[in-house]
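Colleague: When you read off a place in the sequence shown, starting at 1, and then add 106, the result is the number in our numbering. A single structure is presented below for examination.
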Amino acid sequence: MDILEIRDLRIGFTVHGLARDVVKGVSFRIPAGKTVALVGESGSGKSVISQAIMGLLPRAGAVTGGQILFRDPQDQAMAIDIAALPAEGKEIRALRGGRIGMIFQEPMSSLSPVHTIGNQIEEALLLHRPMPKPQARELIAAMLKRVGFKDPVRAYGFYPFELSGGLRQRAMLAMALICKPALLIADEPTTALDVTIQAQVLDLMRELQAEMGMAILLITHDLGVVANMADEVVVIYHGEIMESGTAEDIFRRPQHPYLKALLNASPHFDMQEGERLVALREARPRPPATTKAQPAPRPAGSPDAPLLAVRHLRKTYTTGSSRFFGKSTKATVLAVDDVGFDIRRGECLGLVGESGCGKTTVSKLIMRAVTADSGEVWFDDGQRRTDVLGLKGEELRRFRTRVQMIFQDPVSSLSPRMTVMNILREPLSIHERGDGAEQKARVRALMEDVGLDPRFLNRYPHSFSGGQRQRIGIARALALDPDLIICDEPVSALDVSVQAQVLNLLKDLQAERGLTFLFISHNLAVVNYMADRIAVMANGRIVELAPRHTLFSAPVHPYTKALLKSVPFADLDRKLDFKLAAPSGASDMRHWPACFKPEGDGERLAHLDLGAGHLVLARQGADVRELA
107 MDILEIRDLR IGFTVHGLAR DVVKGVSFRI PAGKTVALVG ESGSGKSVIS
157 QAIMGLLPRA GAVTGGQILF RDPQDQAMAI DIAALPAEGK EIRALRGGRI
207 GMIFQEPMSS LSPVHTIGNQ IEEALLLHRP MPKPQARELI AAMLKRVGFK
257 DPVRAYGFYP FELSGGLRQR AMLAMALICK PALLIADEPT TALDVTIQAQ
307 VLDLMRELQA EMGMAILLIT HDLGVVANMA DEVVVIYHGE IMESGTAEDI
357 FRRPQHPYLK ALLNASPHFD MQEGERLVAL REARPRPPAT TKAQPAPRPA
407 GSPDAPLLAV RHLRKTYTTG SSRFFGKSTK ATVLAVDDVG FDIRRGECLG
457 LVGESGCGKT TVSKLIMRAV TADSGEVWFD DGQRRTDVLG LKGEELRRFR
507 TRVQMIFQDP VSSLSPRMTV MNILREPLSI HERGDGAEQK ARVRALMEDV
557 GLDPRFLNRY PHSFSGGQRQ RIGIARALAL DPDLIICDEP VSALDVSVQA
607 QVLNLLKDLQ AERGLTFLFI SHNLAVVNYM ADRIAVMANG RIVELAPRHT
657 LFSAPVHPYT KALLKSVPFA DLDRKLDFKL AAPSGASDMR HWPACFKPEG
707 DGERLAHLDL GAGHLVLARQ GADVRELA
């Protein structure tokens, strides 16, 4: 039996009086107890279809044709055509949240910040299944425990901002499943999560599906997740279905060029040295590098000295609250603990780890956006060695031109009130680089460098796609010709096709300009493609550092191994073993062998040199090779 059947669905949007079709005659089905993946890039119509199923289309949108037939296993009398129901009628409200549950892409913006997790789940439960509050509390506690909250009674009173990304997504899952729906729609449920947390959430969805017998519509652009979760796959492009079939057919016998291109655009661990990602569509051709863009000749000095040397970096945060009555609750969190590494000129050092391990804090300490408690950061351009943490006033302002940053979110890192011209001119104006005409010429050259048309300079950021906005962010980082660029998760918010364009662009710019990168990410396949050496960070410390090939072929630390075991491959022959992927998070030291943990509070672990630049954090004298 099919829980959901979509027949020739057409959805149109009216913007400024102009009608536009965004879903053009889509048909597919979701069988009972099965997982169907809807795969495609941003803008292909995936989320609009899910909104139509839930009866949540925006005011500008409407179903212009076709049927959305829902067959409830509890009431098989007849199929309900959701497309024909009144938008805010009783029938659709009874289905929404009751018989059809939904997990949204971004749990922070889809959970109310002013209500506790328990209140929000209780509201969903009582709306569809009225019952006494004590009974509702028992059901909610049981569900919170089922989705992985260790103390469900206490979790009831947590606000969303008090939870990590993984726990917020679990709370969303609890809210979607509390009424035991027949169909669960998961819209990019793991896009913002680390690989280990992603593995846990996907495993949980599989378990709950088997337990409740529900069907799942999984909306994603991650083909690794699809290969591990889906029974059937539907590939959509610009509102039309390009190919559909069983997971076996889609991955082993892809037919449509678009599907083949999607499979080739994802970075993977089997890539050969020098192999490039194949973008679905190339960006605007970039002009050959001009003389200006060539790296400046290396000054005579100490050629072996690293461009950036970080030593014993430490940062603590104090959290908690002071109260008028009663004791203040204060806690100290050690975010960065004795971190040290070198970045050589012209190389890309990858920094990987789960959310909360301290990666971004390290980048902020290097940028002087946050003040370190202790430690040293030395910058050596070959002529002068600069103590970065000791800089003040005008010296610090001058130094900022040497290190620039590409931020994670291309939307919030660009001012919506400034045109692209003003965004790219701003760093040149602040640091007094050239007059007005020279600055405009420089901005046009930057647009050409990142493959964007200079005619777009008078547009605002909202009129660009996510990939184009990230290119503007890259152009801004290049404006002052920095020696080092810190890339903080620069492609985590992008589709695989756009991700391929941006990563290829960064590699090309590195080769042309001799740029040095610190590349921060939790996507190991992306780091494998970009980095020369990789530092793995857990609980505020670097636990392993090695050349790229060494780290992926012979990892030693249990944390690194857990991260690698949690990466989903877009390959049916290498399915993820969900039970092996760290059960309570890779950074949980209780699962590590004794030689990787300090014996008492006073003991400090040290970095053992395994040769060829391979370092691992362990007890002094421990023979860690046996565990490799």
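Just so it is clear, CB atoms sit at the ideal spot from N, CA and C, and this is done for glycine as well. All values reported here derive from a predicted model rather than from experimental measurement.
Run through the DSSP bridge pairs and tell me what T170 is partnered with.
Modeller: Against the sequence shown, residue 170 aligns to sequence position 64. Beta-bridge pairing links T170 to no other residue.
Colleague: Use the C-beta contact count for E228: other C-beta atoms within 10 angstroms, 16 or more gives buried, fewer gives exposed.
Modeller: In the sequence shown, residue 228 corresponds to position 122, counting from 1. By the neighbour-count rule (16 or more Cβ atoms within 10 Å), E228 is buried.
Colleague: Can you tell me whether DSSP reads V633 as helix, strand or coil?
Modeller: As a position in the sequence shown, residue 633 is number 527, starting the count at 1. The answer is helix: DSSP assigns V633 an H, G or I state.
Colleague: Judging by CA-CA distance, which residue of G151, L624, H655 is the nearest neighbour of R450?
Modeller: Your numbering for residue 450 matches position 344 in the sequence shown. Among G151, L624, H655, the Cα nearest to that of R450 belongs to L624.
Colleague: Does the beta-carbon distance from I174 to A193 come in below 8 Å?
Modeller: Counting from 1 along the sequence shown, the entry for residue 174 is found at position 68. Counting from 1 along the sequence shown, the entry for residue 193 is found at position 87. No, these two residues do not count as a Cβ contact at 8 Å.
Colleague: Is the CB-CB distance between D300 and Q211 below 8 Å?
Modeller: Here residue 300 is taken as the residue at index 194 of the sequence shown, counted from 1. Here residue 211 is taken as the residue at index 105 of the sequence shown, counted from 1. Cβ distance not < 8 Å, so D300 and Q211 don't count as in contact.
Colleague: Are there 16 or more other CB atoms within 10 angstroms of the CB of M208, so buried, or fewer, so exposed?
Modeller: Working through the sequence shown from its first residue, we reach residue 208 at position 102. Counting Cβ neighbours within 10 Å, M208 comes out buried, since at least 16 surround it.
Colleague: Assign M237 to one of three DSSP states: helix, strand, or coil.
Modeller: Here residue 237 corresponds to residue number 131 of the sequence shown, with the count starting at 1. The answer is coil: DSSP assigns M237 none of H, G, I, E or B.
Colleague: Leaving out the 5 sequence neighbours to the left and right, which residues in its chain are closer than 7 Å to A478 when beta-carbon positions are compared?
Modeller: Counting from 1 along the sequence shown, the entry for residue 478 is found at position 372. Cβ within range, chain order: L419, R420, K421, L471, L495.
Colleague: Can you give me the start and stop residues for the alpha helix (DSSP H) that P664 sits inside?
Modeller: The residue given as residue 664 occupies position 558 in the sequence shown. Start and end: 664-671.
Colleague: Among residues of its own chain, excluding the 5 on either side of D515, which ones have a beta-carbon nearer than 8 Å to its beta-carbon?
Modeller: Working through the sequence shown from its first residue, we reach residue 515 at position 409. Answer for D515: A599, listed in chain order.
Colleague: On the CB-based measure, 16 or more other CB atoms within 10 Å of its CB, does I536 come out buried or exposed?
Modeller: Working through the sequence shown from its first residue, we reach residue 536 at position 430. Exposed, because fewer than 16 other Cβ atoms sit within 10 Å of the Cβ of I536.
Colleague: Could you name the residues of the same chain whose beta carbon sits closer than 7 Å to that of N564, not counting the 5 residues immediately before and after it, in chain order?
Modeller: As a first step, residue 564 is located in the sequence shown; it is residue number 458 there, counting from the start. Excluding positions up to five away in sequence, the list reads T525, M527.
Colleague: Considering only the beta carbon of each residue, do M643 and V458 sit closer than 8 Å?
Modeller: By one-based count along the sequence shown, residue 643 stands at place 537. By one-based count along the sequence shown, residue 458 stands at place 352. For M643 and V458, yes; Cβs fall inside 8 Å.
Colleague: So for G706, helix, strand or coil by DSSP?
Modeller: Taking the first residue of the sequence shown as position 1, residue 706 is located at position 600. It is coil, neither helix nor strand.
Colleague: Measuring CB to CB, does D448 end up less than 8 Å from A415?
Modeller: As a first step, residue 448 must be located in the sequence shown, where it is residue number 342. As a first step, residue 415 must be located in the sequence shown, where it is residue number 309. Yes, these two residues count as a Cβ contact at 8 Å.
Colleague: So within the stretch 443-471, which uninterrupted beta strand (DSSP E) runs reach at least 3 residues, ignoring any that extend past its ends?
Modeller: Correct list: 454-458.
Colleague: Mind checking V722: buried by the 16 CB within 10 Å criterion, or exposed?
Modeller: Here residue 722 corresponds to residue number 616 of the sequence shown, with the count starting at 1. The residue is buried, with at least 16 neighbouring Cβ atoms inside 10 Å.
Colleague: Quick check: the Cα distance between L611 and P588, rounded to an integer number of angstroms?
Modeller: The residue you call residue 611 lines up with position 505 of the sequence shown. The residue you call residue 588 lines up with position 482 of the sequence shown. Rounded to whole angstroms, L611 to P588 spans 17 Å at the Cα level.
Colleague: Using a Cβ-Cβ cut-off of 8 Å, state whether F702 counts as contacting chain D.
Modeller: Annotation note: the requested chain D is absent from the structure, which comprises a single protein chain.
Colleague: For Q400, count neighbouring Cβ atoms within 10 angstroms of its own Cβ and tell me buried if that reaches 16, exposed if not.
Modeller: Looking up residue 400 in the sequence shown gives position 294. Note that Q400 has pLDDT 45, beneath the 50 cutoff, so the model's placement of it is unreliable and the number below is only indicative. So Q400 counts as exposed.
Colleague: Tell me whether L273 sits in a helix, a strand or coil according to DSSP, three-state version.
Modeller: Position 167 of the sequence shown, counting from 1, holds the residue named residue 273. Helix, per DSSP.
Colleague: Which same chain residues, not among the five before or five after I529, have their C-beta less than 8 Å away from its C-beta?
Modeller: Within the sequence shown, residue 529 is the residue found at index 423, counting from 1. Excluding positions up to five away in sequence, the list reads L520, S521, P567, I578, R582.
Colleague: Cα separation between R359 and L534?
Modeller: Stepping through the sequence shown from its first residue, residue 359 is reached at position 253. Stepping through the sequence shown from its first residue, residue 534 is reached at position 428. One C-alpha to the other measures close to 52 Å.
Colleague: Please identify the residue among R243, L290, A718, P699 whose C-alpha is closest to the C-alpha of R725.
Modeller: The sequence position of residue 725 within the sequence shown is 619, counting from 1. Of R243, L290, A718, P699, the residue nearest in Cα terms is P699.
Colleague: Using CA atoms only, rank isn't needed, just tell me which of L279, D601, I591 is closest to Q574.
Modeller: Here residue 574 refers to the residue found at position 468 when the sequence shown is read from its first residue. The candidate whose alpha carbon is nearest that of Q574 is D601.
Colleague: For L324, which residues of its own chain have a beta-carbon under 8 Å away from its beta-carbon, when the five flanking residues on both sides are left out?
Modeller: Taking the sequence shown and counting its residues from 1, the one referred to as residue 324 is at position 218. Cβ within range, chain order: T141, V142, A143, L144, A292, P295, V331, V332, M335, A336.
Colleague: Tell me whether the beta-carbon of V253 lies closer than 8 Å to the beta-carbon of A280.
Modeller: By 1-based counting over the sequence shown, the position of residue 253 is 147. By 1-based counting over the sequence shown, the position of residue 280 is 174. Their beta carbons are under 8 Å apart, which means V253 touches A280 by this criterion.
Colleague: Would D638 and R619 be called neighbours here (beta carbons separated by less than 8 Å)?
Modeller: Your numbering for residue 638 matches position 532 in the sequence shown. Your numbering for residue 619 matches position 513 in the sequence shown. No; because the gap between Cβ atoms is not below 8 Å, this pair is not in contact.
Colleague: Can you tell me whether F570 is buried or exposed? The criterion is at least 16 other CB atoms within 10 Å of its CB, across all chains shown.
Modeller: The residue labelled residue 570 in the question sits at position 464 within the sequence shown. Buried.
Colleague: Please list the segments of the beta strand (DSSP E) lying wholly inside the stretch 143-201, counting only runs of 3 or more residues, in order along the chain.
Modeller: DSSP runs (the beta strand (DSSP E)) wholly in the stretch 143-201: 167-178, 181-187.
Colleague: Please confirm whether K130 and E453 have their CB atoms less than 8 Å apart.
Modeller: Against the sequence shown, residue 130 aligns to sequence position 24. Against the sequence shown, residue 453 aligns to sequence position 347. Contact: no.
Colleague: Answer with buried or exposed for G224, where buried requires no fewer than 16 other C-beta atoms within 10 angstroms of its C-beta.
Modeller: For the purposes of this step, residue 224 is identified with residue 118 of the sequence shown, where counting begins at 1. Flag for G224 reads buried.
Colleague: When the Cα atoms are used, what is the spatial distance from S627 to Q226?
Modeller: Counting from one through the sequence shown, the residue named residue 627 turns up at place 521. Counting from one through the sequence shown, the residue named residue 226 turns up at place 120. S627 and Q226: Cα-Cα distance of roughly 32 Å.
Colleague: Just the Cα atoms here: how many angstroms apart are R523 and L586?
Modeller: In the sequence shown, counting from the first residue as 1, residue 523 sits at position 417. In the sequence shown, counting from the first residue as 1, residue 586 sits at position 480. Their Cα atoms are separated by approximately 22 Å.
Colleague: Please say whether V604 and G572 have beta carbons closer to each other than 8 Å?
Modeller: In the sequence shown, the residue the question calls residue 572 occupies position 466. In the sequence shown, the residue the question calls residue 604 occupies position 498. Contact flag set, yes.
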